[in-house]
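First residue of the sequence shown? That's 75 in the working numbering, and the numbers climb one at a time after it.
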Amino acid sequence: LTIDSSLLIALNKEQLAEKRSLEDEITTLNDSLRNEENSLRQLNEQCDNAKEKRNQDYQQYKLDSSRNENRSYRKQLEADQSWAKKSDEWKEKINSVNRKITQHENKFKDIETNKMAKENLLKIIEQNLSADNSKIDNRLIKLHRGFIMYGPPGTGKSVIMSKLAKKIGIAMLGPPLAAGELERPLVGQS
């Protein structure tokens, strides 16, 4: 069997258009990945800076507490409450940044998964374009295999098979059978 060259050209044009489309989508996804990576890097820096500032504030609080050991209980309690309030603010800020990081990581994974799927489709299209589809592969029809056609007599089973055999390029073998030689209850059931 041969495929009509105009049909093959039309199919190749469709696949080339789809290939270009996929390449554009992959480029867009790569840009999105870079943007997400930059956002993640900035958010991680913000988180690290916030943790560092919190640690500096804590060290300052400890230093002030150790210097002023002689202050009154009320002033020490106020200093402790002030630090607890600052600590809660820092924790909230750090948790907020961590939530943003998690959102960006999930978005990054989604984009990466989508990109991998598009790349796999692109590989399949490239394989199809590089393959020679003008002739049907001989491996599709195995030697010593056959067709069994079933139907009433005179419907053109033999004609169809002989035309198909010529088109495919294989030899058609059919033992000459007469209706009396069949061991089936119905005529034409061969």
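C-beta: ideal position from N, C-alpha, C; glycine also. As the structure is a prediction and not an experimental result, all values here were calculated from the model.
Buried or exposed for residue i, please, with buried defined as at least 16 other CB atoms from any protein chain shown within 10 angstroms of its CB.
i: Leu96; result: buried
i: Leu81; result: exposed
i: Glu152; result: exposed
i: Val233; result: exposed
i: Leu137; result: exposed
i: Leu238; result: exposed
Considering only their Cβ atoms, is the gap separating residue j from residue i smaller than 7 Å?
i: Ile185; j: Leu114; result: no
i: Arg128; j: Trp164; result: yes
i: Lys160; j: Asp131; result: yes
Hey, residue i and residue j are a contact pair by Cβ (cut 8 Å); roughly how many whole angstroms apart?
i: Ala124; j: Ile168; result: 5 Å
i: His178; j: Glu110; result: 6 Å
i: Glu193; j: Ile100; result: 6 Å
i: Met223; j: Ser236; result: Not really, about 11 Å apart at Cβ, beyond 8 Å.
Taking 8 Å as the limit between beta carbons, can you name the residues of its chain near residue i, skipping five residues before and five after?
i: Leu203; result: Asn86, Gln89, Leu90 and Lys93
i: Cys121; result: Ile168, Val171, Asn172 and Ile175
i: Asn188; result: Leu103
i: Ile199; result: Gln89, Glu92, Lys93 and Leu96
Cutting at 6 Å between CB atoms, please list the residues of its own chain near residue i, excluding the five before and the five after it.
i: Ser106; result: Ile185
i: Ser79; result: none
i: Glu143; result: none
i: Tyr135; result: Trp157
i: Met190; result: none
Whose C-beta lies closer than 7 Å to the C-beta of residue i among residues of the same chain, with five residues either side of it excluded?
i: Lys231; result: Met223 and Gly225
**Prompt:** What residue ranges within the segment 155 to 179 form continuous alpha helix (DSSP H) runs of no fewer than 4 residues, ordered along the chain?
**Reply:** List check, alpha helix (DSSP H) in window: nothing returned.
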